[in-house]
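**Q**
Protein chains in written order, with the working numbering: chain A, 1 to 109; chain B, 1001 to 1114.
1. If we define contact as Cβ-Cβ less than 8 Å, is residue 30 of chain A a contact residue for chain B?
2. Does residue 15 of chain A get closer than 8 Å to chain B when you measure Cβ to Cβ?
3. Return the chain-ordered list of same chain residues with a C-beta closer than 8 Å to the C-beta of residue 12 of chain A, the five sequence neighbours on each side being excluded.
4. Any idea if residue 1067 of chain B is buried or exposed, counting beta-carbon neighbours within 10 angstroms, 16 or more meaning buried?
5. To the nearest whole angstrom, what separates the beta carbons of residue 30 of chain A and residue 96 of chain A, a pair I think is in contact under 8 Å?
6. Between which residues of its own chain and residue 1018 of chain B is the CB-CB distance below 6 Å, once the five residues before and five after are set aside?
7. Who are the neighbours of residue 1008 of chain B on chain A, taking C-beta pairs under 7 Å?
8. Roughly how many whole angstroms lie between the Cα atoms of residue 45 of chain A and residue 51 of chain A?
9. What is the DSSP secondary structure of residue 1085 of chain B, reduced to helix, strand or coil?
10. Within 10 angstroms of its Cβ, does residue 1002 of chain B collect 16 or more other Cβ (buried), or is it exposed?
11. Please look up how many angstroms separate the CB atoms of residue 64 of chain A and residue 71 of chain A, rounded, as I've assumed it's under 8 Å.
12. For chain B, check one thing: does any of its Cβ atoms lie closer than 8 Å to the Cβ of residue 58 of chain A?
13. Output, in sequence order along the chain, the residues in the segment 1030-1049 of chain B whose CB is closer than 9 Å to any CB in chain A.
14. Just checking: is the beta-carbon of residue 1021 of chain B within a distance shorter than 8 Å of some beta-carbon in chain A?
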């Protein structure tokens, strides 16, 4: 089974700062990419899909780099409520849908 | 739209006992997934159903885990007998069917094996 890798963190970031983290994937046949957010003791929830051209949703920007096989998530003007674990999901090919282990983000006041 | 329903929310059992979890996906969603999430890790796929057929159960420990989705709607996941390392959150998710479709998760069942 192919791998999806994330820096587990934690990333400790002051409120209002910009933070970015990446997710690398090993299966070059991967076709769809997502970022999920998971709060402590809660289920994962879709944050945003990641499109080839890159996409933005408010303070969040997701990008895909197929050549280097990674996706990224950028959070601008971070809020305390952004504190969570961010899970990268990669789908496609024989491996189906694979989650990374998540990156833990802590926004500090 | 009603979300993915799971029960029970919590379960505590002793090792070697049996346990079963239930999941009812979002109405009309053809694909149903069971994931195991151990504390501090990402969800690990146990089994994926497309309607009532199994698409992927390569990571399901078949000596002790079983799952069914007989009528292509709700599903049960069973562990028999349980081991200490089975302590985890068991998440059910559903999607309309395409691998391009994001997953909708239930609240999960937190299992503690003592």
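Virtual Cβ for every residue (Gly too), placed ideally from N, Cα, C.
**A** The answer reads as follows:
1. no
2. no
3. 106, 108
4. buried
5. With a Cβ gap of about 10 Å, residue 30 of chain A and residue 96 of chain A do not count as contacting.
6. 1080
7. None at all; the shortest Cβ gap to chain A is about 15 Å.
8. 18 Å
9. helix
10. exposed
11. 5 Å
12. no
13. 1033, 1035, 1037, 1040, 1041, 1042, 1043, 1044, 1045, 1048
14. no
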